[in-house]
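K.L.:
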Amino acid sequence: MKRNKKQNYSDEQIKDYLVNHIKQSIENDVGIAIKGYMKSFFDNGPHAGFFAVPRMLFPEIDGLGSYITGKPLYTGLNIKIYLSEVMSKIDVRYKDYAGFIVLIYRNGLLHQHSPKKFKFKRKEISWQFGVSNVPVDIQRRNHLTIQNNTLKIDMNIFYNDVINSVDILVKMILDGYR
């Protein structure tokens with residue numbers, strides 16, 4: 032993160048803002064939305080509101096990524112960099128799929144109401160943003176994998192990775208990243 036020369040924030044102010052404001056806000060908003068969705072899903076089956084979670088998370092990832100790029104208006108780049116450089120420290124596959132995630136999920140969901148499909152070497156690659164009620168190690172194993180030409184992302188794992196990545200970002204900034 033490039034620190035503005037006119038504004039010198041202490042390490043404690045940076046940590047406080049990212050952890051106690053940004054991270055806490057994500058936990059409050061998205062965490063509650065996931066709990067509500069999952070309860071309803073397992074009680075009543077699939078219904079409206081499923082894409083609310085990634086629609087809430089991608090703008091947050093964009094904002095967090097702008098702390099690295101210093102370019103708040105470059106949404107796609109911010110998300111790609113954040114996935115590649117921060118969230119890949121949690122799961123290296125974020126680096127492998129960062130550009131694809133931005134193209135398919137972020138651009139499709141936020142601009143065209145649903146994730147896009149993608150053609151590569153005459154094969155259609157699609158997406159699956161799933162929710163499951165299985166042990167975390169099984170969720171993690173199936174997260175960020177391509178099976179039958181479908182990139183699978185687990186809602187709970189993705190949410191928890193975003194939450195956990197904030198602490199990694201704080202450490203990177205305080206260690207003088209960039």
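Numbering (our numbering), first residue to last: 32 to 209.
Ideal placement from N, C-alpha and C gives every residue a C-beta, glycine not left out.
On the criterion of 16 or more Cβ atoms from any shown chain inside 10 Å, does S52 qualify as buried, or is it exposed?
P.N.:
Reading off the sequence shown, one finds His at residue 52, where the question assumed Ser. Classification of H52: exposed, given that the 10 Å Cβ count is below 16.
K.L.:
What alpha helix (DSSP H) runs, 4 residues minimum, are completely inside the segment 119–196?
P.N.:
Entirely contained in the segment 119–196, the alpha helix (DSSP H) runs reaching 4 residues are, in chain order, 124–132, 139–143 and 167–173.
K.L.:
Quick check: what's the CA-CA separation for F72 versus Q159?
P.N.:
So the two alpha carbons sit approximately 16 Å from each other.
K.L.:
May I have the straight-line CA-CA distance separating M203 from Y40, to the nearest angstrom?
P.N.:
Cα-Cα distance, rounded: 15 Å.
K.L.:
Which residue marks the beginning of the alpha helix (DSSP H) containing N75, and which one marks its end?
P.N.:
N75 -> alpha helix (DSSP H) spans I63 to N75.
K.L.:
Going by beta carbon distance, what residues of the same chain come within less than 8 Å of Q44, once the five residues before and after it are set aside?
P.N.:
So the list is empty, once near-sequence residues are dropped.
K.L.:
Start and end of the alpha helix (DSSP H) containing P85?
P.N.:
Taken as a continuous stretch (DSSP letters only), the alpha helix (DSSP H) holding P85 covers A83 to T100.
K.L.:
Looking at the secondary structure, which residues open and close the alpha helix (DSSP H) in which I53 lies?
P.N.:
Counting along the chain, I53 falls outside any alpha helix (DSSP H), and DSSP gives it neither H nor E.
K.L.:
Using a Cβ-Cβ cutoff of less than 6 Å, which residues in the same chain neighbour K126 once the five nearest sequence positions on both sides are dropped?
P.N.:
Excluding positions up to five away in sequence, the list reads S115 and S119.
K.L.:
Can you tell me whether DSSP reads Y208 as helix, strand or coil?
P.N.:
Here Y208 sits in coil by DSSP.
K.L.:
Nearest to I177 by alpha carbon, out of V165, K152, R124 and I188?
P.N.:
It is R124 whose Cα lies nearest to the Cα of I177.
K.L.:
Would DSSP call L200 helix, strand or coil?
P.N.:
Helix, per DSSP.
K.L.:
To the nearest angstrom, how far is the alpha carbon of N164 from that of M186?
P.N.:
C-alpha separation (whole angstroms): 11 Å.
K.L.:
Just mark K70 as buried or exposed, buried being the case when its beta carbon has 16 or more other beta carbons within 10 Å.
P.N.:
Result: exposed.
K.L.:
Can you tell me which of the three DSSP states N39 falls into?
P.N.:
Of the three classes helix, strand and coil, the one that applies to N39 here is coil, per DSSP.
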